[in-house]
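Chains as they are written, first to last, in the working numbering: chain P, 1 to 128; chain H, 1 to 302.
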């Protein structure tokens, strides 16, 4: 598993790991029941502290994306497609909520926010 | 005993070491195997003294130390078996070759493995046939690491391990440390006054000032909790904010440093603060703030 972790990111290292592993589970790459790297193995590979990886795995476990089998390590949960979509939506809603609050703080009305959202969505769609 | 039933990598219990004009302790500190603890403090705060007490190079005046369950006795070979020490002064014989110096180390350390030393030297591209005086600063540091690890100790005590090394050598040294940690049996306790490059290795940090422990925290907890926050507020009266270590004000504009941004932000919102901006701090910046504030809320914000 190749992750890109940066000390320069505004996101803490453990959150970067959580986000990148989550994306692999929800969107691509990691199959149901696939084993994840061990905590120490990933810590060494990514040159981060053991506690950092541990925290990321705990967050993923709490979100129901991975599970630990005592003595065997961590595995990707078998997640139905519907639930994957739901999890992705929940996460998107949380990020969007923060962005909307920023827009409101800069004085944008809900109608304007909606228009900007639609415009950016169209631009993103055209880019693909 | 640690949570998982095994012995602690080390424990210090009410450890005190007195010098004229300086006292270290009393210190209570312990470390689980598999973890890396960084000892952070300004020069003269007692970092080296603490490491030397743990390494058996100094006899504490009170209290004691244990390493993997065995009490420390100065010059006790069985106890030293578990410890590898890299100090600021390497203490090599400058006119002798690196290999001859390793022979000297081996004569004091029954568990010394020449095979292990040779493999590490090869990996570091360290010329063992050269005299130490001919070796670069970086190669001397690598030799010190080889000398400290050749007997496969489980606890590594490092005093400013990467100070003055160029970035490539630092990365080589850190690589070796990371590999050691993978089996979960080893523990590393290192002192530093610059955190930046070695901070990624640390699981926890303990802050030392004037011979006393200010606080010990998981590194990720610090990074998650500390923030610099700026805001505007139209109040002339008293304003008391929680978790603040620093406060600057220019008319209605304020900037604070918070060690618990959620508590601070909640208070700011209830006071009706506006234009709130929040920025994360690097672990270096956090360390400076903790050492400056000496662990105490210094400023009651006005």
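Glycine included, every Cβ here is placed at the ideal spot set by N, Cα and C.
Note that this is a predicted model, so its numbers are computed, not measured.
Quick one: what's residue i bridged to in DSSP?
| i | result |
| --- | --- |
| residue 255 of chain H | H:230 and H:248 |
| residue 17 of chain H | H:24 |
| residue 36 of chain H | H:188 |
| residue 218 of chain H | H:204 |
| residue 373 of chain H | Lying outside 1 to 302, the shown extent of chain H, residue 373 of chain H is not represented and no answer is given. |
| residue 97 of chain H | H:131 |
| residue 104 of chain H | BP columns for residue 104 of chain H are empty, so no partner. |
| residue 10 of chain H | H:31 and H:67 |
| residue 84 of chain H | H:156 |
| residue 209 of chain H | H:212 |
| residue 279 of chain H | H:228 |
| residue 223 of chain H | Answer is none; residue 223 of chain H lacks a bridge partner. |
| residue 62 of chain H | H:16 |
| residue 68 of chain P | P:74 |
| residue 274 of chain H | H:232 |
Report all residues from its chain with a CB closer than 8 angstroms to the CB of residue i; omit the five preceding and five following residues, and keep chain order.
| i | result |
| --- | --- |
| residue 172 of chain H | 124 and 142 |
| residue 187 of chain H | 9, 10, 31, 32, 33, 34, 35, 36, 37, 154, 155 and 156 |
| residue 150 of chain H | 102, 105, 106, 109, 112, 113, 114, 116, 117 and 120 |
| residue 34 of chain P | 75 and 76 |
Cα separation between residue i and residue j?
| i | j | result |
| --- | --- | --- |
| residue 305 of chain H | residue 15 of chain H | This structure cannot settle anything about residue 305 of chain H, because the visible part of chain H is limited to 1 through 302. |
| residue 115 of chain P | residue 65 of chain P | 34 angstroms |
| residue 253 of chain H | residue 51 of chain P | 38 angstroms |
| residue 111 of chain H | residue 279 of chain H | 50 angstroms |
| residue 266 of chain H | residue 285 of chain H | 23 angstroms |
| residue 288 of chain H | residue 248 of chain H | 17 angstroms |
| residue 294 of chain H | residue 215 of chain H | 9 angstroms |
| residue 202 of chain H | residue 88 of chain P | 32 angstroms |
| residue 123 of chain P | residue 113 of chain P | 15 angstroms |
| residue 126 of chain H | residue 55 of chain P | 38 angstroms |
| residue 3 of chain P | residue 257 of chain H | 32 angstroms |
| residue 54 of chain H | residue 162 of chain H | 20 angstroms |
| residue 119 of chain P | residue 282 of chain H | 36 angstroms |
| residue 78 of chain P | residue 26 of chain P | 11 angstroms |
| residue 263 of chain H | residue 138 of chain H | 46 angstroms |
| residue 40 of chain P | residue 82 of chain P | 33 angstroms |
| residue 11 of chain P | residue 243 of chain H | 22 angstroms |
| residue 24 of chain P | residue 67 of chain H | 42 angstroms |
| residue 1 of chain H | residue 73 of chain P | Confidence at residue 1 of chain H is low in this model, with a pLDDT of 45, below 50, so its placement is unreliable and the value that follows should be read with caution. Taking the straight line joining both Cα atoms gives about 24 angstroms. |
| residue 5 of chain P | residue 251 of chain H | 40 angstroms |
| residue 27 of chain H | residue 185 of chain H | 24 angstroms |
| residue 30 of chain P | residue 40 of chain H | 40 angstroms |
| residue 49 of chain P | residue 57 of chain H | 29 angstroms |
| residue 8 of chain P | residue 195 of chain H | 15 angstroms |
| residue 231 of chain H | residue 18 of chain H | 47 angstroms |
| residue 220 of chain H | residue 200 of chain H | 10 angstroms |
| residue 53 of chain P | residue 108 of chain P | 39 angstroms |
| residue 69 of chain P | residue 182 of chain H | 19 angstroms |
Alpha carbons only, please: which of the options is nearest the one belonging to residue i?
| i | options | result |
| --- | --- | --- |
| residue 94 of chain H | H:111, H:225, H:233 and H:135 | H:135 |
| residue 57 of chain P | P:47, P:46, P:36 and P:70 | P:36 |
| residue 167 of chain H | H:257, H:198 and H:184 | H:198 |
| residue 245 of chain H | H:211, H:50 and H:261 | H:261 |
| residue 84 of chain H | H:291, H:292, H:180 and H:212 | H:180 |
| residue 69 of chain H | H:13, H:17, H:109 and H:195 | H:13 |
| residue 145 of chain H | H:89, H:182 and H:50 | H:89 |
| residue 23 of chain H | H:232, H:229, H:43 and H:212 | H:212 |
| residue 277 of chain H | P:125, P:102 and P:126 | P:102 |
| residue 274 of chain H | H:140, H:234, H:64 and H:165 | H:234 |
| residue 44 of chain P | H:190, H:292, H:177 and H:239 | H:177 |
| residue 147 of chain H | H:191, H:174 and H:91 | H:91 |
| residue 229 of chain H | H:189, H:255, H:64 and H:63 | H:255 |
Give me, in chain order, the residues of the same chain whose beta-carbon lies closer than 7 angstroms to that of residue i; leave out the 5 immediate sequence neighbours on both sides.
| i | result |
| --- | --- |
| residue 87 of chain H | 159 |
| residue 130 of chain H | 97 and 98 |
| residue 298 of chain H | No answer about residue 298 of chain H holds up, because its pLDDT of 37 lies below 50 and its placement is not dependable. |
| residue 217 of chain H | 204 and 205 |
| residue 60 of chain P | 18, 21, 22 and 66 |
Sorted by chain position, which residues of the same chain lie with C-beta nearer than 6 angstroms to residue i's C-beta, five sequence neighbours on each side aside?
| i | result |
| --- | --- |
| residue 169 of chain H | 138 |
Looking at chain H, which residues of the segment 47–79 of chain P have a Cβ within less than 8 angstroms of any of its Cβ atoms? 47, 48, 49, 50, 51, 52 and 55
Mind listing which residues of the segment 27–57 of chain H have their C-beta closer than 8 angstroms to chain P's C-betas, in chain order? 34, 35 and 36
At a CB distance below 8 angstroms, what residues from the segment 165–197 of chain H approach chain P? Give them in sequence order. 174, 178, 179, 181, 182, 183 and 184
Looking at chain H, which residues of the segment 8–26 of chain P have a Cβ within less than 8 angstroms of any of its Cβ atoms? Close to chain H, meaning a Cβ-Cβ distance shorter than 8 angstroms, are the following residues of the segment 8–26 of chain P: 10, 12, 13 and 14.
What residues in the segment 262–279 of chain H have a beta carbon less than 7 angstroms from any beta carbon of chain P? none
Could you list the residues in the segment 210–223 of chain H with a C-beta less than 7 angstroms from some C-beta on chain P, going in chain order? 218, 219, 220 and 223
By the 7 angstroms beta-carbon criterion, what residues does the segment 237–259 of chain H contribute toward chain P? Against chain P - using a Cβ distance shorter than 7 angstroms - the segment 237–259 of chain H contributes no residues.
What are the residues in the segment 35–47 of chain P lying within 7 angstroms of chain H by C-beta distance? 40, 41, 44 and 47
To be precise: take each residue of the segment 78–108 of chain H, compare its Cβ to all Cβ atoms of chain P, and keep it if any distance is under 9 angstroms. Which residues remain? none
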